[in-house]
Amino acid sequence: QGRLNCPIRSKALYTGTDGVVMGVYDRDDKSIQVNALQLEPTSKYGHDSERMIKTCLHEGRHAYQNQAIEGLIEHDDPEEVELWKQNLAEGHYIRFYQNPRAYYLQPVEVDARTFAENRYAALVNERELLESKEKTQKEAYLRGVFEQHMKTGNLKPETSTLREKSSEEISPSIESKQAIDRHETHG
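Position in the sequence shown counted from 1, then plus 2, gives you my numbering.
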């Protein structure tokens with residue numbers, strides 16, 4: 003995103019029957035505030051980490067927009083910065099309670115929502131790629147361990163010897179083989 007850092011604080015924000023304010027960007031103290039009331043597991047969104055992450059991304063984008071307007075950072079589209087500036091000029095920003103539809107359609111909100119959705123999708127994709135890579139590495143490691151044991155004969159008990167042993171003596175060997183089989187097939 004390329005914006006300057008700003009603190010994230012938890013604060014009790016509006017939570018009513020007509021909606022919940024998940025977060026705000028405070029232009030005065032240049033901080034992101036998330037609704038402390040929604041951090042509790044029993045709250046409406048307390049169990050929804052996706053919602054909280056998107057809120058932080060959304061409000062972070064508002065910080066970016068303000069930094070671009072103030073000339074602290076450079077945005078690649080000066081015309082878009084001008085739209086943001088006009089939208090945030092005194093008396094031009096539409097609050098949700100004033101007109102929900104107009105609120106959602108104004109330039110700074112469309113941009114912040116789009117950014118948050120796209121960035122969240124990219125984060126999820128990145129996490130899935132890392133998990134897939136880790137799983138592949140783990141499977142390769144376990145396969146290598148299994149192959150090494152097979153080469154050294156550690157997992158090749160003689161069947162005639164097994165028949166002569168009592169079931170208590172056999173079970174550790176069988177359990178070891180089953181453990182390796184589980185790792186080989188399930189990773």
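Don't be surprised by glycine CBs; every beta carbon is placed ideally from N, CA and C.
Legend entry - Opposing strand residues paired with ASN37 [DSSP bridges]: Residue numbering aside, residue 37 sits at position 35 when the sequence shown is read from its first letter. Paired residues: LYS13.
Q | When LEU85, ARG63, GLU81 are compared against ASP28, the one with the closest alpha-carbon | A | Translated into positions along the sequence shown, residue 28 becomes position 26. Of LEU85, ARG63, GLU81, the residue nearest in Cα terms is ARG63.
**Message:** Quick check on the DSSP output: the alpha helix (DSSP H) that includes TYR143 runs from which residue to which?
**Reply:** For the purposes of this step, residue 143 is identified with residue 141 of the sequence shown, where counting begins at 1. From DSSP, the alpha helix (DSSP H) with TYR143 extends over 109-154.
- Query: Residue ranges of each beta strand (DSSP E) run of no fewer than 3 residues wholly in the segment 25-74, ordered along the chain?
  - Reply: 25-28, 33-37
_Here's the rule: buried if 16 or more other CB atoms are within 10 angstroms of the residue's CB, otherwise exposed. What is SER168?_
Here residue 168 is taken as the residue at index 166 of the sequence shown, counted from 1. Confidence at SER168 is low in this model, with a pLDDT of 48, below 50, so the placement of that residue should be treated as unreliable; the coordinate-derived value is given next. Exposed is the call here.
- [ ] Please go through the same chain and pick out, in chain order, the residues whose beta-carbon is closer than 7 Å to the beta-carbon of GLY4, but skip the five residues on each side of it.
- [x] Within the sequence shown, numbered from 1, the residue matching residue 4 stands at position 2. Closer than 7 Å at the Cβ level, and outside the excluded window around GLY4, lie ILE75.
Please identify the residue among MET54, ALA65, ILE34 whose C-alpha is closest to the C-alpha of LEU6. Here the question's residue 6 lines up with position 4 in the sequence shown. Checked all of MET54, ALA65, ILE34; the closest Cα to LEU6 is ALA65.
Quiz item: What do you get for PRO116, buried or exposed, if any count of 16 or more other CB atoms within 10 angstroms of its CB means buried?
Solution: Taking the sequence shown and counting its residues from 1, one reaches residue 116 at position 114. Note on identity: in this sequence residue 116 is Thr, with Pro being the wrong assignment. So THR116 counts as exposed.
Could you tell me the boundaries of the alpha helix (DSSP H) in which ASN89 lies? As a working note, residue 89 is residue 87 in the sequence shown. From DSSP, the alpha helix (DSSP H) with ASN89 extends over 80-90.
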